[in-house]
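Asks: Those sequence lines, one after another, are chains A and B.
Numbering-wise (this note's numbering), the first sequence opens with residue 1 and increments by one.
Numbering-wise (this note's numbering), the second sequence opens with residue 229 and increments by one.
Protein chains: 2
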Amino acid sequence: LVHAENVCKSFRQGDQVIQALRGISLDIYRGEYLSIMGPSGSGKSTLFNMIGALDRPTAGEITIQGVAIPALASRELSYFRCRYIGYVFQSYNLIPSLSALENVSLPAIFLGLAPAEAQAAAMEALEYVGLGNRHSHRPGELSGGQQQRVAIARALVNKPAILLADEPTANLDFNTGAAIIKVFKDLSVDRGVTVISATHDHKMLANSDRVVWIKSGEVERIRTKAEL
Amino acid sequence: LVHAENVCKSFRQGDQVIQALRGISLDIYRGEYLSIMGPSGSGKSTLFNMIGALDRPTAGEITIQGVAIPALASRELSYFRCRYIGYVFQSYNLIPSLSALENVSLPAIFLGLAPAEAQAAAMEALEYVGLGNRHSHRPGELSGGQQQRVAIARALVNKPAILLADEPTANLDFNTGAAIIKVFKDLSVDRGVTVISATHDHKMLANSDRVVWIKSGEVERIRTKAEL
Ligand SMILES: Nc1ncnc2c1ncn2[C@@H]1O[C@H](COP(=O)(O)OP(=O)(O)OP(=O)(O)O)[C@@H](O)[C@H]1O
Ligand SMILES: Nc1ncnc2c1ncn2[C@@H]1O[C@H](COP(=O)(O)OP(=O)(O)OP(=O)(O)O)[C@@H](O)[C@H]1O
Ligand SMILES: [Mg+2]
Ligand SMILES: [Mg+2]
Numbered sequence: 001l002v003h004a005e006n007v008c009k010s011f012r013q014g015d016q017v018i019q020a021l022r023g024i025s026l027d028i029y030r031g032e033y034l035s036i037m038g039p040s041g042s043g044k045s046t047l048f049n050m051i052g053a054l055d056r057p058t059a060g061e062i063t064i065q066g067v068a069i070p071a072l073a074s075r076e077l078s079y080f081r082c083r084y085i086g087y088v089f090q091s092y093n094l095i096p097s098l099s100a101l102e103n104v105s106l107p108a109i110f111l112g113l114a115p116a117e118a119q120a121a122a123m124e125a126l127e128y129v130g131l132g133n134r135h136s137h138r139p140g141e142l143s144g145g146q147q148q149r150v151a152i153a154r155a156l157v158n159k160p161a162i163l164l165a166d167e168p169t170a171n172l173d174f175n176t177g178a179a180i181i182k183v184f185k186d187l188s189v190d191r192g193v194t195v196i197s198a199t200h201d202h203k204m205l206a207n208s209d210r211v212v213w214i215k216s217g218e219v220e221r222i223r224t225k226a227e228l
Numbered sequence: 229l230v231h232a233e234n235v236c237k238s239f240r241q242g243d244q245v246i247q248a249l250r251g252i253s254l255d256i257y258r259g260e261y262l263s264i265m266g267p268s269g270s271g272k273s274t275l276f277n278m279i280g281a282l283d284r285p286t287a288g289e290i291t292i293q294g295v296a297i298p299a300l301a302s303r304e305l306s307y308f309r310c311r312y313i314g315y316v317f318q319s320y321n322l323i324p325s326l327s328a329l330e331n332v333s334l335p336a337i338f339l340g341l342a343p344a345e346a347q348a349a350a351m352e353a354l355e356y357v358g359l360g361n362r363h364s365h366r367p368g369e370l371s372g373g374q375q376q377r378v379a380i381a382r383a384l385v386n387k388p389a390i391l392l393a394d395e396p397t398a399n400l401d402f403n404t405g406a407a408i409i410k411v412f413k414d415l416s417v418d419r420g421v422t423v424i425s426a427t428h429d430h431k432m433l434a435n436s437d438r439v440v441w442i443k444s445g446e447v448e449r450i451r452t453k454a455e456l
């Protein structure tokens, strides 16, 4: 489904150049559950931004279903992302002035659903992550882990083909984290959603079809579940 | 050092009342390393806000060294917090427009140090967490775990008597997290700093003198290291 070919990304700050990605080549198959692990600063979120078409590589190529994502026009790209990819950002990126329900409704509204339909879909997603009773609260009125779950609900509301989850259980206790991992696994097994998750959470390993370890912007090794 | 007596905290939103803390009573001793664990939404950050004098209890009392914190005048309170308590917030609360060095310098400047002294102390703290070479970068130019470590450096810059760390290793990989836990342990053992850390990270248990489990706003149980 996703093909990365020698993807590089550099950031330049004055005289300093940070090589965040140094030639990542990787194929990600439809319906698989792939975990990406690696030390802090190794390039996981940067790679996510590439796959999710939120940023452009400095060099190399990313295609999703054979389509070179940067080649899409801006409006097409926004629609494509909203329709097919659910994002759980590492910092959640919730809108502070909106309630949980309004935050989760946004992708559905952007996709063209009527407000009542968008709200119904958002409520369903919030209940799925155990936060239906907190729908009227703004992010500042929710715990860290509750905010994280709102971000997860938002990623699920449009029933995406690809779920990009950046450290989705970082602020969750063991049981709440395990419940979320199960949600992801069920999406992968039952609905064929391709789950790609950056994580430091070793609970993810048992549920992954493959695990990719990244170090200093390069693929260090890839293991299938059988090999773990 | 810290005495909490039947501390309650409620949040009211329209018709809904959330009882975040339901009568927490707890003594925290000088120089100990105390971990607070509990499910998402159980009240850990809320309790931190009480101990750290960032919010007031609805009922009950908090004292630090016998001083009832809410009784202090505002300017005294700000100075007390800045001088004695280092905070690592769950959402880091870094200022996006400032560099890592400027963020970490702020508490030292607020305490009255000259800018050059504040910068030197900030650089030392950044190097201590392995980020001296990234001092000129703003939070948006750092990875999630790197931002977390900047927040930790900021908490350490004034060499606090109490370190309040809310989920300080949530976004760190195993090795980076273990290195930070060691920093905290060394502060506790070598310098008598009282370390109070909310965490979902089981690596913390081996290093804690005591662990308090919180559930639905109440102390569920407390165990010493020997009892674990
Ligand atoms: N906008 C930027 N400008 C400069 N450097 C950046 C920028 N974004 C990321 N970097 C750097 O690129 C490297 C990779 O960052 P990335 O966020 O991908 O790491 P990560 O693996 O997600 O880390 P973590 O586990 O801490 O979240 C890091 O050294 C980071 O500081
Ligand atoms: N400002 C607020 N208004 C309303 N409810 C709040 C507010 N702050 C916290 N709460 C609620 O109080 C409860 C306790 O929140 P708290 O942030 O202390 O939990 P926590 O144990 O830190 O959770 P996590 O592990 O997810 O960070 C939660 O149900 C939360 O939604
Ligand atoms: Mg990251
Ligand atoms: Mg919390």
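We treat Cβ as the ideally placed atom computed from N, Cα and C, and that holds for glycine.
Of all Cβ atoms in chain B, is any one closer than 9 Å to the Cβ of GLU102 (chain A)?
Replies: Not one chain B Cβ lies under 9 Å of GLU102 (chain A).
Asks: Pairs of beta-carbons, one from the region 121-132 of chain A and one from the region 99-109 of chain A, closer than 8 Å: are there three or more?
Replies: With the cut-off at 8 Å, the region 121-132 of chain A and the region 99-109 of chain A touch.
Asks: GLU141 (chain A) CB to nearest chain B CB: under 9 Å?
Replies: Taking Cβ atoms only, chain B reaches closer than 9 Å to GLU141 (chain A), which makes this a yes.
Asks: Given a cut-off of 9 Å, decide if GLY145 (chain A) and SER319 (chain B) are closer than it, judged by their beta-carbon atoms.
Replies: Against a cut-off of 9 Å, the Cβ pair of GLY145 (chain A) and SER319 (chain B) comes out as no contact.
Asks: Within a Cβ cutoff of 8 Å, which residues of the same chain sit near GLU260 (chain B), ignoring the five residues on either side of it in sequence?
Replies: So the qualifying residues of the chain are SER416, THR422, VAL423, ASP437, ARG438.
Asks: Which value, in whole angstroms, describes the spacing of the CA atoms of ALA426 (chain B) and LEU370 (chain B)?
Replies: Cα to Cα, the separation comes out at about 24 Å.
Asks: Note down, in chain order, all residues in the region 121-138 of chain A with a beta-carbon under 8 Å from any beta-carbon belonging to chain B.
Replies: Listed by position along the chain: SER136, HIS137.
Asks: What residues are listed by DSSP as bridge partners for GLU233 (chain B)?
Replies: In the DSSP output, where bridge partners are listed per residue, GLU233 (chain B) has B:GLU289.
Asks: Can you have a look at SER201 (chain A) and say buried or exposed, based on whether 16 or more other CB atoms are within 10 angstroms of its CB?
Replies: Just to set this straight, residue 201 (chain A) is Asp in the shown sequence, not Ser. So ASP201 (chain A) counts as buried.
Asks: So, does the region 8-20 of chain A touch the region 36-54 of chain A, judging by three or more C-beta pairs under 8 Å?
Replies: Touching, yes, given that three or more Cβ pairs across the two stretches are closer than 8 Å.
Asks: Take the Cβ of THR452 (chain B) as the centre, count every other Cβ of all protein chains shown within 10 Å, and call the residue buried at 16 or more, exposed below.
Replies: So THR452 (chain B) ends up on the exposed side.
Asks: Measuring straight from C-alpha to C-alpha, what distance separates TYR128 (chain A) and HIS3 (chain A)?
Replies: Using only the alpha carbons, I get a separation of about 31 Å.
Asks: Using a Cβ-Cβ distance cut-off of 9 Å, determine whether SER40 (chain A) contacts chain D.
Replies: The structure shown contains no chain D; the protein chains it does contain are A and B.
Asks: If I measure Cβ to Cβ from TRP441 (chain B) and keep anything under 7 Å in the same chain, skipping five residues before and after, which residues do I get?
Replies: Same-chain partners within the cutoff: MET265, GLY266, GLU448, ARG449.
Asks: Just the Cα atoms here: how many angstroms apart are ALA381 (chain B) and PHE317 (chain B)?
Replies: Going from the Cα of ALA381 (chain B) to the Cα of PHE317 (chain B) covers about 12 Å.
Asks: List, in order along the chain, the chain A residues whose C-beta lies closer than 7 Å to that of GLU395 (chain B)?
Replies: Within chain A, the residues near GLU395 (chain B) are GLY144, ASN171.
Asks: State yes or no: is the beta carbon of MET37 (chain A) nearer than 9 Å to at least one beta carbon in chain B?
Replies: True, the Cβ-Cβ gap to chain B drops below 9 Å.
Asks: Am I right that GLN19 (chain A) and GLY140 (chain A) are in contact with their C-beta atoms under 8 Å? What's the rounded C-beta distance?
Replies: That belief does not hold up - the Cβ atoms of GLN19 (chain A) and GLY140 (chain A) are roughly 37 Å apart, past 8 Å.
Asks: Do ILE85 (chain A) and PRO160 (chain A) count as a contact pair if the criterion is CB distance below 9 Å?
Replies: Cβ distance < 9 Å, so PRO160 (chain A) and ILE85 (chain A) count as in contact.
Asks: How many angstroms separate the CA atom of PRO324 (chain B) from the CA atom of ARG56 (chain A)?
Replies: Rounded to whole angstroms, PRO324 (chain B) to ARG56 (chain A) spans 23 Å at the Cα level.
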